[in-house]
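Peer 1:
Shown next, in the form of structure tokens:
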């Protein structure tokens with residue numbers, strides 16, 4: 001192995017990828033993709049019902065245009081106007097389906113992220129767990145509304161400012177508007193990724209690694225939308241796929257997103273601050289106490305710390321180092337007493 005590869009294997013990115021592979025992240029991402037796919041269309045139906053109930057026609061058309069810009073491969077295949085027109089009936093059915101499919105996705109996503117962290121779920125009452133999942137789902141909806149609303153508001157303000165400055169009709173102005181719009185979208189994605197990594201699984205990653213993972217996920221999300229929109233749009237439009245064109249495009253897009261999110265979870269799981277936390281727990285806590293702790297709060301590394309502590313203590317007992325240490329203390333004490341007697345005689 002060359003020095004370049006050796007340095008590469010010591011980087012945080014390499015540790016995160018290796019950890020993701022060991023945790024079988026692709027399988028976890030596939031499970032989360034399936035559960036998320038079942039919840040996606042009820043979510044669209046409920047969103048259309050809410051938009052039709054509380055927004056004006058011009059605002060609804062603006063949202064449709066925004067969705068078309070962000071997810072061109074999806075909006076071209078869905079009749080959003082029809083969903084809004086039939087929002088009452090579709091919304092009721094979608095709300096019922098979303099309750100079950102959304103709770104299933106939350107449970108699967110939480111288990112996948114905690115699986116990457118190698119933290120087991122705490123045993124609790126099924127109704128209490130579903131209640132927590134419902135709270136997490138509502139929180140996710142609130143975060144989505146805040147991020148999308150902030151993005152739309154900021155984009156509108158930037159557009160009005162550009163009109164006032166006369167930048168819309170110049171090449172540099174168009175580029176500047178696109179850059180600012182992308183930055184706003186990244187900020188909205190950052191809030192969403194942080195929520196999914198911290199509050200959805202109930203984990204406690206370090207602040208620095210959480211911010212890093214949030215930025216990686218947000219930038220990666222925008223890059224994936226940019227790189228995959230054209231490809232997925234062509235896939236969905238090919239006649240060979242027929243009626244399955246849209247589901248194929250959505251499944252591909254969602255699977256890449258789930259993999260990216262779990263890679264971000266692996267980034268937080270392999271952060272230096274977490275490894276230092278593991279080392280302190282192994283040094284300061286006995287194996288029995290560490291192993292007996294519950295993992296309901298998702299504190300990092302407790303299962304691994306208990307195993308490491310037990311292995312360390314077992315190795316020490318098997319090699320007799322503990323006994324040697326005690327004997328050495330006795331010998332040193334005896335030598336000290338002999339030196340004391342000699343000093344007394346000399347005086």
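Numbering (the UniProt record's numbering), first residue to last: 1 to 347.
Glycine included, every Cβ here is placed at the ideal spot set by N, Cα and C.
Keep in mind the model is a prediction, meaning the values are calculated, not measured.
(1) Which residues bound the alpha helix (DSSP H) around residue 42?
(2) So residue 268 and residue 197 are supposed to be a Cβ contact under 8 Å. How far apart are they, rounded?
(3) Using a 10 Å radius around the Cβ and a threshold of 16 neighbouring Cβ atoms, would you call residue 311 buried or exposed?
(4) I want to know whether the stretch 109-117 touches the stretch 150-165 - three or more CB-CB distances under 8 Å.
(5) Evaluate contact between the stretch 26-44 and the stretch 119-134, counting only Cβ atoms and requiring at least three cross-stretch pairs below 8 Å.
(6) Inspect the CB distances between the stretch 184-194 and the stretch 95-105 and report whether three or more fall short of 8 Å.
(7) Can you name the start and end residues of the alpha helix (DSSP H) that residue 10 belongs to?
(8) On a CA-only basis, which of 29, 24 and 95 is nearest residue 44? Give me that one, please.
(9) Short of 8 Å in beta carbon distance, which residues of its chain neighbour residue 146, apart from the five on each side in sequence? Order them along the chain.
(10) Determine the burial state of residue 331: buried for a count of at least 16 other Cβ atoms within 10 Å of its Cβ, exposed for fewer.
(11) Comparing C-alpha positions only, which one of 265, 266, 250 and 263 sits nearest to residue 33?
(12) Assuming residue 220 contacts residue 260 under a Cβ cut-off of 8 Å, what Cβ separation, rounded to an integer in Å, is found between them?
(13) So is residue 25 buried or exposed if we call it buried at 16+ other beta carbons inside 10 Å?
(14) According to the neighbour-count rule (16 or more other Cβ atoms, all chains shown, within 10 Å of its Cβ), is residue 115 buried or exposed?
(15) Consult DSSP for residue 204 and reduce its assignment to one of helix, strand or coil.
(16) Measuring CA to CA, which of 252, 155, 257 and 189 is closest to residue 144?
(17) Might you give, ordered along the chain, the residues of its own chain that have their beta carbon closer than 7 Å to the beta carbon of residue 180, omitting 5 neighbours on each side?
(18) Would you mind sorting residue 46 into buried or exposed? The rule is 16 or more other CB atoms within 10 Å of its CB.
(19) Could you tell me whether the Cβ atoms of residue 20 and residue 266 are closer together than 9 Å?
(20) Our contact map puts residue 185 next to residue 124 with C-beta atoms below 8 Å; I'd like the distance itself, whole angstroms only.
(21) Less than 9 Å between the beta carbons of residue 205 and residue 213, yes or no?
(22) So, with DSSP's three-state summary, where would you put residue 152?
(23) Kindly indicate which three-state DSSP category residue 57 falls into: helix, strand or coil?
(24) Using C-beta distances below 8 Å, list every residue in its chain close to residue 98, excluding the 5 sequence neighbours before and after it, in chain order.
(25) Is residue 119 helix, strand or coil by DSSP?
(26) Tell whether a beta-carbon distance below 9 Å holds between residue 138 and residue 162.
(27) Among 182, 100 and 7, whose alpha-carbon lies nearest the alpha-carbon of residue 131?
(28) Can you check which of these residues, 129, 256, 50 and 203, is closest to residue 217 by C-alpha distance?
(29) Give the C-beta separation of residue 258 and residue 23 to the nearest angstrom, bearing in mind that I take them to be a contact with Cβ-Cβ under 8 Å.
(30) According to the neighbour-count rule (16 or more other Cβ atoms, all chains shown, within 10 Å of its Cβ), is residue 10 buried or exposed?
(31) I think residue 228 touches residue 199, with their Cβ atoms under 8 Å apart; what is that distance to the nearest whole Å?
(32) Leaving out five residues on either side along the sequence, give the residues of the same chain with a beta carbon under 8 Å from the beta carbon of residue 405.
Peer 2: This is what the structure holds:
(1) Residue numbering aside, residue 42 sits at position 42 when the chain shown is read from its first letter. Element bounds for residue 42: 25-54.
(2) For the purposes of this step, residue 268 is taken as residue 268 along the chain shown, with counting starting at 1. For the purposes of this step, residue 197 is taken as residue 197 along the chain shown, with counting starting at 1. Rounded, the Cβ-Cβ distance is 6 Å, consistent with contact.
(3) Counting from one through the chain shown, the residue named residue 311 turns up at place 311. The predicted model places residue 311 with a pLDDT of 47, which falls under 50 and marks its position as unreliable; any figure quoted below should be read in that light. Exposed.
(4) no
(5) no
(6) no
(7) For the purposes of this step, residue 10 is identified with residue 10 of the chain shown, where counting begins at 1. Run containing residue 10: none; DSSP gives neither H nor E here.
(8) By 1-based counting over the chain shown, the position of residue 44 is 44. Ranking the options by Cα distance to residue 44, first place goes to 95.
(9) Start at 1 with the first residue of the chain shown, and residue 146 comes out as number 146. So the list reads 191, once near-sequence residues are dropped.
(10) Taking the chain shown and counting its residues from 1, the one referred to as residue 331 is at position 331. Low per-residue confidence applies at residue 331: pLDDT is 40, beneath 50, and the placement is therefore not dependable, though the value from the model is reported in the following sentence. Exposed.
(11) As a position in the chain shown, residue 33 is number 33, starting the count at 1. Among 265, 266, 250 and 263, the Cα nearest to that of residue 33 is on 250.
(12) Within the chain shown, the letter at position 220 stands for residue 220. Within the chain shown, the letter at position 260 stands for residue 260. Indeed, because the Cβ distance is near 5 Å, the residues count as touching under 8 Å.
(13) As a working note, residue 25 is residue 25 in the chain shown. The residue is buried, with at least 16 neighbouring Cβ atoms inside 10 Å.
(14) In the chain shown, counting from the first residue as 1, residue 115 sits at position 115. Classification of residue 115: buried, given that the 10 Å Cβ count is 16 or more.
(15) By one-based count along the chain shown, residue 204 stands at place 204. In this structure, residue 204 counts as coil in the three-state DSSP scheme.
(16) Taking the first residue of the chain shown as position 1, residue 144 is located at position 144. Ranking the options by Cα distance to residue 144, first place goes to 189.
(17) The sequence position of residue 180 within the chain shown is 180, counting from 1. Hits under 7 Å: 158.
(18) As a working mapping, residue 46 is identified with position 46 in the chain shown. Residue 46 should be labelled buried.
(19) Position 20 of the chain shown holds residue 20. Position 266 of the chain shown holds residue 266. In this structure, residue 266 lies closer than 9 Å to residue 20 by Cβ.
(20) Here residue 185 refers to the residue found at position 185 when the chain shown is read from its first residue. Here residue 124 refers to the residue found at position 124 when the chain shown is read from its first residue. Not quite, the Cβ-Cβ distance comes to about 37 Å (not below 8 Å), so this is no contact.
(21) Sequence index remark: in the chain shown, residue 205 carries index 205 (1-based). Sequence index remark: in the chain shown, residue 213 carries index 213 (1-based). Taking 9 Å as the Cβ cut-off, residue 205 and residue 213 qualify as a contacting pair.
(22) The count along the chain shown starts at 1 and reaches residue 152 at position 152. Helix, per DSSP.
(23) Residue numbering aside, residue 57 sits at position 57 when the chain shown is read from its first letter. Three-state DSSP puts residue 57 in a helix.
(24) Counting from one through the chain shown, the residue named residue 98 turns up at place 98. These residues qualify, in order along the chain: 39, 42, 43, 45 and 46.
(25) Numbered from 1 along the chain shown, position 119 holds the residue referred to as residue 119. Coil.
(26) Along the chain shown, read from residue 1 onward, the residue named residue 138 stands at position 138. Along the chain shown, read from residue 1 onward, the residue named residue 162 stands at position 162. No; because the gap between Cβ atoms is not below 9 Å, this pair is not in contact.
(27) The residue you call residue 131 lines up with position 131 of the chain shown. Of the candidates 182, 100 and 7, the one whose C-alpha sits nearest the C-alpha of residue 131 is 100.
(28) Position 217 of the chain shown, counted from the first residue, corresponds to residue 217. Taking only the C-alpha atoms, the option nearest residue 217 is 256.
(29) The count along the chain shown starts at 1 and reaches residue 258 at position 258. The count along the chain shown starts at 1 and reaches residue 23 at position 23. Rounded, the Cβ-Cβ distance is 13 Å, inconsistent with contact.
(30) As a first step, residue 10 is located in the chain shown; it is residue number 10 there, counting from the start. Answer is exposed; the Cβ neighbour count stays below 16.
(31) Position 228 of the chain shown, counted from the start, is the residue given in the question as residue 228. Position 199 of the chain shown, counted from the start, is the residue given in the question as residue 199. At roughly 27 Å, the Cβ-Cβ gap does not stay under 8 Å, so residue 228 and residue 199 are not in contact.
(32) The chain is shown from 1 up to 347; residue 405 falls before or after that span and cannot be answered.
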